[in-house]
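Worksheet: one structure, shown below.
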Amino acid sequence: MQTPIPTPAELGLLIRAMRRSSGVRIDDLAATAGLSKQFVQDVEHGKPTVQLGLVLKLLAELGMPLNVDIPHAAAQELPNVRQRAQAKKSKASGTKPAAK
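Shown next as structure tokens:
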């Protein structure tokens with residue numbers, strides 16, 4: 006089921022529902038995801054300042070990949086943006102970008 010996520014609080018409720026429906030305790034989820042129990046509680050309670058990277062890690066642990074619906078024009082531009090970002094990253098690290 007797809008559901009809109011308009012706020013951090015709604016995302017927290019979805020995560021809590023998934024965890025509970027899976028029969029997983031909050032401390033067990035935190036341990037398997039390599040996160041603190043406090044962080045998982047903060048996410049479940051909708052704290053708006055949690056780190057996005059860690060939230061994505063938590064979602065992955067629950068088997069809830071995050072998908073974003075983008076307009077067609079943005080989807081067409083995405084490969085160009087990724088290529089520029091990779092080139093910038095390669096330049097910063099002193100390595101050459103991978104050949105295609």
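Numbered per our numbering, the sequence shown spans residues 6 to 105.
Glycine included, C-beta positions come from ideal geometry on N, C-alpha and C.
This one's a predicted model, so the numbers in the text were calculated from it and none came from an experiment.
Please report the straight-line C-alpha distance between L18 and I75, rounded to a whole angstrom.
24 Å
Roughly how many angstroms separate the alpha carbons of V29 and P9, rounded to a whole number?
24 Å
Measuring CA to CA, which of Q46, K96, V73 and D33 is closest to T11?
For the sequence presented, residue 11 should be read as Pro rather than Thr. Cα-wise, what sits closest to P11 is V73.
Should E49 go down as buried or exposed, given a rule of 16 or more other Cβ atoms within 10 Å for buried?
buried
If you draw a straight line from the alpha carbon of K52 to that of G99, how long is it in whole angstroms?
38 Å
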